[in-house]
Amino acid sequence: MYNLHPGRSIVVAMAAEDANALRRALEKNEIIPYFQPLVELRTGLLSGFEVLARWLHPNRGLITPNEFIPLAEDAGLNGLLTGNLLRAVFTAAKDIPEHLTLSVNISLTQLTDFSLPKHIRAAAEQASFPLNRLILEITESALVGNTEQAYRIATELKEQGSRLALDDFGTGYSSLRHLQSLPFDELKIDASFVRSMGHTRESRKIAAAIVGLGNSLSLTTVAEGIESQTTADMLLWLGCDLGQGWLYGRPVPPEQLPEVLAARLDPVPPVPEPRSPVADSTLPLRLEALPTQRLAQLNAIYDGVPVGLCFVDRNLRYVSVNKRLAGMHHLPVAAHLGRYISEVMPSVFPLCEPYLLRALNGQASNDLEICYPDPNPLNEKRTHLISFHPARDEADEVIGVSVSVVDITRRKQAEQALAESEDHYRHTVELNPQVPWTADPQGMILDASQRWESLTGLSVPDSLGTGWIRALHPDDVKSTSRIWTESLRTGRPLDVQYRIHRVDGTWRWMRARATARRGKDGKIIRWYGTVEDINDQRSAEEALRRSEARLKAVFDAVPVGIVIAEAPDGRVVMSNPRAEEILRSTETAPAMIDDYCRESISFTPGPNTKSTRNIDQDQDHPLANAIMGGKSIGPTEYLRFHSDGSSAWISLTGAPVLDPDGKVSGGVVAIQDIDEDKREMQRLSDLNTVLKIKLETHQ
Ligand code: C2E
Ligand code: MG
Ligand code: MG
């Protein structure tokens, strides 16, 4: 027999030797399981262990699986190896809490062995290990062969309750096809991508894509080979579920399991460094790369801003949530992390979903107003404004959505109040006959109420600037301009009257008034003014003036003296020339009606007066008191003494003037010169007396 491949025969010979050694090793239980922790990235809590085979060689020391697994494959010892390993694993599992899973690697040849599920089941049953805690990791290379067979075996393994993980994803030739062909539950991102994530953007993008793919297929994503926190943070940011690597622990022999479990299950809280910014942080990212101070600031901002903030990944799961938002949701921060918005906020999610999807497509929006449900129905309904911003990685890819929520209840209330008050204002303005307007410091009209248009027919836009002048009566333009210019120059309030042309063709008198508003520096910044229709007022004033003139003419012409006094004390406000003549008045200052009539000398009622009772002689101002008290007086005759010693008879008639409401607003005193008559009468009387005496003496 000749050997065509002498080199190969040496390899075969060596392999045969090693295979024997391996077989012996298996018999002597030199192949033992090592356990490497699998950790939930979000919480850092232990989720299970991956079982990694080790050959404890008596001479060569610890041999890694990469060296002996291919040998076992070639020698058909894999079944035996896995069987031995599983027994040891299930024995060790007695010390492992029930909620933790165990992942075991299955090799290529084993997936062609229809007895595999049975063997696994037998070993598990013997150790009373529930198969739903078992995850079987299948590398892509194991799937290259007969996929039909592999499918049947994998399905049976799943039916027994175990889960399947696709190991070393991304390294094989047809990863995606395998993903589709077998009913996997987990996707393990190969360590080669994970380890280089910190160095190349490509690896980051591949890792992101694999996580995204896993998430979109509802698979648990596991990252292998995590050696640094930075990588862990990036993976968490991408939405990866589990992590495995030296950062969390190297593979350990069974005897070291209790130690690992103690450390991982009941993790000693990290000794808080003085003023440690991360101690009580709700930020899942531990950005060690940042200077401590900046991180502290970031954390403080994140939790302290009066705005609800969160970051959701591409699958719309909460990656981080600040305390404010958690408060708005009436839920603890922890109730959000890692969960879908749809499950945390089911009633709000349908409203947000279109915005979130838009943000994932790179489009920001900030106009969603919603009311979060409040568990307490008595609480005031609160309105929130939500903004959605796409968050991009350094490659400008959208990796999630940054959401901010602002409580705008107060603003809403203010807006409402403002709308109401504006409405109120508008109504007031509409009802107000005045036309409000504003002008700039140069007198250019900036705005005027619509009323101006309805009054003048000149539109508001046409009236701005100096356009309003066109509505003025040509005769009033000059005077109005002059007065306005004067106000603008001096800053003194404007008060001007002019006529405007009405829509109905008539001219109406208007009164424009304005005051200046000044800035802090004292300079005028605005003129605020009004225009009001004073036509009726002016007509009334004119009518009044006319009737006043008529009255005045009568007042001046009557042969009776008239003195007008006003309430409340009876001070003289007016007297006609006749009164002044009779009373020989020289009074210039306003006097009390009594003093006015008395002149400077007191006057006493004459002996023949008809009525003196109306006037109380003891009072200083009997006339005023009587009239202001609402009484009419007289006619009463008085002999009035003048300062030159002469005297004259007068007759006074007083009457109160009443308001329409009956109140005394003043009084009128009519004065008649009765001196002639009186003296004539006196003479007659004297004559009578003389005649009488003469008659008596004759008798
Ligand atoms: P694997 O299933 O992908 O296991 C992960 C490998 O990465 C392990 O190597 C582990 O020790 C290593 N590893 C874990 N974390 C880190 C890390 O942070 N940095 C680095 N540099 N490496 C890390 P290990 O134990 O040498 O196993 C190699 C491969 O051998 C395994 O890859 C698995 O495919 C295979 N294997 C291990 N045990 C068994 C077994 O019992 N049966 C079969 N069929 N294959 C096994
Ligand atoms: Mg593995
Ligand atoms: Mg792997």
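In terms of UniProt numbering, the sequence shown opens at residue 1 and continues consecutively. Just so it is clear, CB atoms sit at the ideal spot from N, CA and C, and this is done for glycine as well. Bear in mind that the values here come from a model prediction, so they are computed numbers and not experimental data.
For residue i, does the three-state DSSP call read helix, strand or coil?
| i | result |
| --- | --- |
| Leu56 | strand |
| Cys371 | coil |
| residue 708 | Residue 708 lies beyond the stretch modelled for the chain, which goes from 1 to 699, so this question has no answer here. |
| Pro70 | helix |
| Leu635 | Contrary to the premise, residue 635 reads as Pro rather than Leu in this sequence. It is a strand residue. |
| residue 701 | Past the edges of the chain, shown from 1 to 699, lies residue 701, and the structure says nothing about it. |
| Ala591 | coil |
| Arg339 | coil |
| Lys28 | coil |
| Lys663 | coil |
| Ile206 | helix |
| Ala670 | strand |
| Gln244 | strand |
| Glu680 | helix |
Is residue i buried or exposed, if buried means 16 or more other CB atoms sit within 10 Å of its CB?
| i | result |
| --- | --- |
| Thr282 | Because Thr282 sits at a pLDDT of 40, beneath the cut-off of 50, its placement in the model cannot be relied upon, and the following sentence gives the value as read from the coordinates. The residue in question, Thr282, is buried, as its Cβ has 16 or more Cβ neighbours within 10 Å. |
| His329 | buried |
| Glu186 | buried |
| Trp55 | buried |
| Ile10 | With a pLDDT of 43 at Ile10, under the threshold of 50, the modelled position of this residue cannot be trusted, and the question is left open. |
| Trp527 | buried |
| His698 | exposed |
| Ser539 | exposed |
| Lys478 | exposed |
| Asp659 | exposed |
| Lys188 | buried |
| Arg250 | exposed |
| Ile671 | buried |
| Ala419 | exposed |
| residue 715 | With the chain running from 1 to 699 in the structure shown, residue 715 is simply not present. |
| His99 | exposed |
| Asn84 | buried |
| residue 723 | The question about residue 723 has no answer here: the residues shown for the chain are numbered 1 through 699. |
| Ala364 | exposed |
| Ile525 | exposed |
| Ala414 | exposed |
| Trp246 | exposed |
| Met510 | buried |
| Val563 | buried |
| Arg489 | exposed |
| Asn322 | buried |
Beta carbon of residue i, beta carbon of residue j: below 8 Å?
| i | j | result |
| --- | --- | --- |
| Ala123 | Ala93 | no |
| Asp167 | Ile138 | yes |
| Phe49 | Phe90 | no |
| residue 781 | Met628 | Nothing can be reported for residue 781: it is not among the residues displayed for the chain, which extend from 1 to 699. |
| Val401 | Leu351 | no |
| Ala565 | Gly666 | yes |
| His621 | Gly561 | no |
| Leu102 | Val51 | yes |
| Gly519 | Trp437 | no |
| Thr147 | Gln110 | no |
Report all residues from its chain with a CB closer than 7 Å to the CB of residue i; omit the five preceding and five following residues, and keep chain order.
| i | result |
| --- | --- |
| Gly198 | Ser228, Thr230, Thr231 |
| Pro253 | Ile32, Tyr34 |
| Thr383 | Glu369, Cys371, Ile408, Thr409, Lys412 |
| Val194 | Ala207, Ala223, Glu224, Gly225, Ile226, Thr231 |
| Pro284 | With a pLDDT of only 41 at Pro284, under 50, the local geometry of the prediction cannot be trusted, and no value is derived from it. |
| Gly170 | Ile189, Asp190, Phe193, Ile206, Ile210 |
| Phe555 | Ile562, Asn576 |
Within the same chain, show all residues whose beta-carbon is closer than 6 Å to that of residue i, passing over the 5 residues directly before and after it, in chain order.
| i | result |
| --- | --- |
| Ile483 | Val496 |
| Ala75 | Ala19 |
| Pro493 | Thr515 |
| Gln617 | With a pLDDT of only 46 at Gln617, under the threshold of 50, the placement of this residue in the model should not be trusted, and no figure is reported. |
| Val403 | Cys310, Phe388 |
| Thr221 | Leu187, Val211, Gly214, Cys240, Asp241 |
| Glu156 | Pro117 |
| Leu80 | Leu26 |
| Gly467 | none |
Is residue i near ligand 4, judged by its Cβ being under 7 Å from some heavy atom?
| i | result |
| --- | --- |
| Thr230 | Ligand 4 is not among the ligands present in this structure, which contains only ligand 1, ligand 2 and ligand 3. |
If I measure Cβ to Cβ from residue i and keep anything under 8 Å in the same chain, skipping five residues before and after, which residues do I get?
| i | result |
| --- | --- |
| Ser216 | Asn315 |
Open item on the list: Measuring CB atoms only, is the region 534 to 543 touching the region 438 to 455, in the sense that at least three cross pairs come out at less than 8 Å?
Closed with: no
- [ ] Give a yes or no on contact between the region 38 to 48 and the region 231 to 250, applying the rule of three or more CB pairs nearer than 8 Å.
- [x] Because the criterion of three Cβ pairs below 8 Å is met, the region 38 to 48 and the region 231 to 250 touch.
Task: Three or more C-beta pairs below 8 Å linking the region 56 to 64 and the region 106 to 125 - done: The region 56 to 64 and the region 106 to 125 do not touch, with fewer than 3 CB-CB distances between them shorter than 8 Å.
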